[in-house]
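Only one structure is covered here, and it is reproduced in the block below.
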Amino acid sequence: ETGVTQTPRHLVMGMTNKKSLKCEQHLGHNAMYWYKQSAKKPLELMFVYNFKEQTENNSVPSRFSPECPNSSHLFLHLHTLQPEDSALYLCASSQDTGGSGRGTGELFFGEGSRLTVL
Amino acid sequence: GQQVMQIPQYQHVQEGEDFTTYCNSSTTLSNIQWYKQRPGGHPVFLIQLVKSGEVKKQKRLTFQFGEAKKNSSLHITATQTTDVGTYFCAAEAGNNRKLIWGLGTSLAVNP
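So the protein lines, in turn, are chains C and U.
When we follow the working numbering, the leftmost residue of the first sequence carries the number 23, and every step to the right adds one.
When we follow the working numbering, the leftmost residue of the second sequence carries the number 64, and every step to the right adds one.
What follows is the structure, encoded as structure tokens:
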């Protein structure tokens, strides 16, 4: 139990489907993140929300659309994905994104959503 | 862009042997974190190092941050099968609070 819950754990979708990944954190954190983990690549930061405001969009294609209705919930809406988008999508949270020389601090990850695009 | 080089990429050891993974950067780092990801699992935070030359220990794990704050290492003494997984470093540099991740070192332990 990490305090960060992701659903679904596994998802298979066609390139024309629309689906959403959900993340919920029970840690009282103010920052939430979406990461993409692919084989033989470093963890790729996709989006960052701090106090519900998007503070980072790491040049992510528009077929990925994040939504953060409150500090505890984060969604990743998916549509017209490509097979190369197949990966493990990890949600994470932290107290906040840091400031005044203080780093981001510890990230708490969810168990991930394994996405396969056919 | 900024990169953190992590070596080795893979390491096989016999149970009881020691293991070390290294992270190197060409730029000065503000801090560095270490995470462990078990096979099929998610990254779990191990530690954060902030000070130049800092050394921290957690049971059989020893973490070091270089004097120049450009490199770090994780050393495991007398590995056990429970140490199996991929160890990642993630660092922040300057005022950029974006974590830069290494590729990870995958550790296999033969019983």
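In this text, a Cβ means the ideal position worked out from N, Cα and C, and glycines have one as well.
I need the DSSP call for residue i, collapsed to helix, strand or coil.
{"i": "Pro91 (chain C)", "result": "strand"}
{"i": "Thr77 (chain C)", "result": "strand"}
{"i": "Thr90 (chain U)", "result": "coil"}
{"i": "Thr168 (chain U)", "result": "strand"}
{"i": "Thr145 (chain U)", "result": "helix"}
{"i": "Ala66 (chain C)", "result": "Ala is not the amino acid found at residue 66 (chain C); the sequence shown has Glu there. Here Glu66 (chain C) sits in strand by DSSP."}
{"i": "Arg160 (chain U)", "result": "strand"}
{"i": "Lys44 (chain C)", "result": "strand"}
{"i": "Glu78 (chain U)", "result": "coil"}
{"i": "Ala153 (chain U)", "result": "strand"}
{"i": "Thr24 (chain C)", "result": "coil"}
{"i": "Gln18 (chain C)", "result": "Not covered by the structure: residue 18 (chain C). The range shown for chain C is 23 to 140."}
{"i": "Leu49 (chain C)", "result": "coil"}
Using the Cβ count rule (16 or more neighbours within 10 Å means buried), how would you classify residue i?
{"i": "Lys132 (chain U)", "result": "buried"}
{"i": "Met68 (chain U)", "result": "exposed"}
{"i": "Gln111 (chain U)", "result": "buried"}
{"i": "Lys122 (chain U)", "result": "exposed"}
{"i": "Pro102 (chain U)", "result": "exposed"}
{"i": "Phe69 (chain C)", "result": "buried"}
{"i": "Asp81 (chain U)", "result": "exposed"}
{"i": "Thr119 (chain C)", "result": "buried"}
{"i": "Leu43 (chain C)", "result": "buried"}
{"i": "Val26 (chain C)", "result": "buried"}
{"i": "Gln127 (chain U)", "result": "buried"}
Considering only DSSP beta bridges, list what residue i is partnered with.
{"i": "Met54 (chain C)", "result": "C:Tyr71, C:Ser115"}
{"i": "Asn35 (chain C)", "result": "The identity of residue 35 (chain C) in the sequence shown is Met, whereas the question assumes Asn. DSSP, once it has assigned bridges, lists C:Val139 as partnering Met35 (chain C)."}
{"i": "Thr84 (chain U)", "result": "U:Leu137"}
{"i": "Gln69 (chain U)", "result": "U:Cys86"}
Residues of the segment 57 to 80 of chain C in Cβ contact with chain U at a cutoff of 9 angstroms, in chain order, please. Correct list: Tyr57, Gln59, Lys62, Lys63, Pro64, Leu65, Glu66, Leu67, Val70, Glu78, Asn80.
Determine which residues of the segment 151 to 162 of chain U have a Cβ less than 9 angstroms from any Cβ of chain C, and write them out in chain order. Phe151, Ala153, Glu155, Asn158, Arg160, Lys161, Leu162
Hey, which unbroken runs of the beta strand (DSSP E) at 3 residues or more fall wholly within the segment 98 to 140 of chain C? DSSP assignment within the segment 98 to 140 of chain C yields the following whole beta strand (DSSP E) runs of 3 residues or more, N-terminal first: 109 to 116, 135 to 139.
Considering only residues of the segment 92 to 130 of chain U, which uninterrupted beta strand (DSSP E) runs meet the minimum length of 3 residues and lie entirely inside it, listed in chain order? Runs of the beta strand (DSSP E) lying entirely within the segment 92 to 130 of chain U and spanning at least 3 residues, in chain order: 94 to 100, 107 to 112, 118 to 121, 124 to 128.
Which residues, taken in chain order from the segment 102 to 118 of chain U, show a beta carbon closer than 8 angstroms to some beta carbon of chain C? Gly104, His105, Pro106, Val107, Phe108, Gln111, Val113
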